[in-house]
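Inspection log for the structure reproduced underneath, given as structure tokens.
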Amino acid sequence: MKKTVLFLINGLGIEHKDSCDMYTKDVMPVMDQCSISEFFTTVDTKAFNYTTGYQILSTGNADALSFPFVDKVVDENIWNQSPTFQNLSMALQNPNSVKLHIFCFLDSARISDHLKSFVTSLNTNKTIFVHPIMTNPTMDGYKSIAKTLYKLNYESLPNMKIGVVFGKNLLLGEERLNEFNDLGRMLFRGNGERWKDTDQKIGSLQTFKILPNNAKAFCVNDQFSLETNDIILFYNYDEVDCSKFMNLMNNPPAFFNSQVTPGTLTYYSLFPLHNTAGVQNIYGNVTSEYSMSNALKQIDAKALVLVDQENLSVVNYMINGLSPTGDGTVEYALTDSGLLFNQEQMKSVLDNDKYQLIVINHRMDQYNDEVSMKQVMTQVDQNLAFVKDYCQDKYSLVISSLFGVKKEILSATQKEELVDFSNTVPVIIIDSSYSKRNYVTGYGTLYTILGTVIKLISPEAKVNSLLRKKGFLRKLLSK
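Here you go:
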């Protein structure tokens, strides 16, 4: 086995023509030189953050695994095989129950069809309000959101109506407390900023460059207010944390003037929620048979992943095949205290015989101005110079990124500019045992990067790699 280092500069990609000039050889001279002198290629990526990036790298799949699971349930019409679904259906038959509120995470364009099948199988005439939650963190996400909202508004079942629409980030953190309370007040009072024409509202959000997952709450229809004995269903495909939201529903502030009798709301979810008690889930977690941890285990290798606290849980979840628990194949070290730029500590990390793979996570996605972003790019490039020199002739080195940022930033001249590194990321492979005379780089996806890393560690592994042997004719032509 040969130790391999995967050096990720997350947020960096191949810059689009309409992007402001963020990447230059002056900003990242080492990266630029490596792209010329070493094995270089690019891979496509559908990822736009750590979650989707690590999911594709580890499992080869961009969607939550629960989507094909639900597709099968819909195609075979087997909702009623779930005992919890049966409980929900029976609860709606109870004359004391009033309405069903479905808080639906818009993670896919297929959701409207899934919901229609789900509600049809409930076999109820009770009023059902769907409260769509926009999850996409990019402006491009509005394209599919607009179509889904239109279908929910005009092509749903007679007893289904859209209630409140809002961005997922309102459910997280404490920094948007006022807007979060506005959402709660709207749900308890049944009124607020109203947009019957959802396309018009989507257009307004785009005009003001408000990301879907950051959108404040607005309502579409009326009479959606929460009442005593209502049922709430979180229609989720991922393990979302709804604890803050549930606490608000169960303990509304006095100024909400709530008419709901405490303790009478009943909660369900489609799949298990994160950090949320008191909710009956209809299905259990769906995990992947493919994962980075499983791939490493098959070649009897261990990995150390260097990552910040903010992304630790999601990286661990994806590396273990959409499971929060691993088997010790992959371990983690936090980088928040400056580990990545402490050369003595990094030498110890790189030389640790316990690990055959070291994954270094740098990031440039959290910066919103040109000066700061270029500064961190240069800082990362300097760190790359150290790692490259230290790995020379000892360890394999793969340099890449899992996703490229696409967002408006403040330029050095204080103007709004678009930086767009999305869709395609670079891959550089440095290993003195592979010569350009005998090998060439191909194309692939983020998942192919994992195969490449596995192949560098264990050359006999039967996996797809970006490094490929040249054919005889190609060798002749390259002489």
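In the working numbering, each residue carries its 1-based index in the sequence shown increased by 810.
Built from N, CA and C at the ideal position, the CB exists for glycine as well.
Could you check which residue in K1265, F913, S845 has the C-alpha nearest to that of L796?
As shown, the chain starts at 811 and ends at 1289. That puts residue 796 outside it, with no answer to give.
Exposed unless 16 or more other CB atoms sit within 10 angstroms - verdict on P1134:
exposed
Do D1175 and V1215 have their C-beta atoms closer together than 8 Å?
yes
What does the Cβ neighbour count give for D917, buried or exposed, with the cut at 16 atoms within 10 Å?
buried
To the nearest angstrom, report how far apart E1037 and C1029 are at their CA atoms.
17 Å
Where in the stretch 1082-1117 do unbroken runs of the beta strand (DSSP E), each at least 3 residues long, occur, reported from the N-terminal end onward?
1113-1117
Runs of 3 residues minimum, wholly inside the stretch 1155-1217: which ones carry the beta strand (DSSP E) assignment?
1167-1173, 1206-1210
If distances are taken between C-alpha atoms only, which option among L816, S876, T851 comes closest to P1082?
Looking at the Cα atoms, S876 is the closest of the given residues.
Between Y1205 and K813, which are expected to be in contact by the criterion C-beta below 8 Å, what is the C-beta distance as a whole number of angstroms?
4 Å
Since N991 is in the alpha helix (DSSP H), which residue starts that stretch and which ends it?
It spans 987-999 - the alpha helix (DSSP H) in which N991 sits, taken as one unbroken run.
Just verifying my parser: in three-state terms, what is the DSSP assignment at L1283?
Model confidence at L1283 stands at a pLDDT of 48, short of 50, so the residue's coordinates are unreliable and nothing is read from them.
Candidates L1276, I1129, N1091, S1123: closest to L893 by CA position
Note that residue 893 is Pro in the sequence shown here, rather than Leu. Ranking L1276, I1129, N1091, S1123 by Cα distance to P893 puts N1091 first.
Using three-state DSSP, classify H826 as helix, strand or coil.
coil
When the distance is taken between beta carbons, is L910 closer than 8 Å to V1208?
no
F928: first and last residue of the uninterrupted alpha helix (DSSP H) it sits in
921-932 is the extent of the alpha helix (DSSP H) around F928.
Can you pull the DSSP bridge partners for C1029?
V974, R1004
Suppose you measure from the CA of Y1077 to the CA of L1106; what does that come to, to the nearest Å?
Their backbone Cα atoms lie some 39 Å apart in a straight line.
Cα-Cα separation, E965 to K971
10 Å
Can you check which of these residues, T852, F915, F928, is closest to N887 by C-alpha distance?
F928
If you reduce the DSSP assignment to three classes, tell me which class P942 lands in.
strand
Does the Cβ-Cβ distance between L1122 and I1170 come in under 8 Å?
no
Across which residues does DSSP place G1254 in a beta bridge pair?
V853
In the DSSP output, which residue or residues are listed as bridge partners for R1278?
V1250
E1227, enclosing beta strand (DSSP E) - first and last residue
1226-1230
Separation of D1009 from L1015, as counted between CA atoms:
10 Å
Per DSSP, which residues does Y1077 bridge with? Please list them.
Under DSSP, Y1077 forms a beta bridge with I1042.
Under the three-state reduction of DSSP, which class applies to P878: helix, strand or coil?
helix
Determine, using beta carbons only, whether Y998 and V1070 come nearer to each other than 8 Å.
The sequence given here has Phe at residue 998, not Tyr. Closer than 8 Å, so yes.
Run the CB neighbour count on T834, radius 10 Å, all protein chains shown included, and call it buried at 16 or more, exposed below.
exposed
F817 - partner residues in DSSP beta bridges:
I1170, I1209
As assigned by DSSP and simplified to three states, the class of F915:
strand
Considering T958, what are the terminal residues of the alpha helix (DSSP H) in which it resides?
952-964
In the DSSP output, what is T1234 paired with across the bridge?
Per DSSP, D854.
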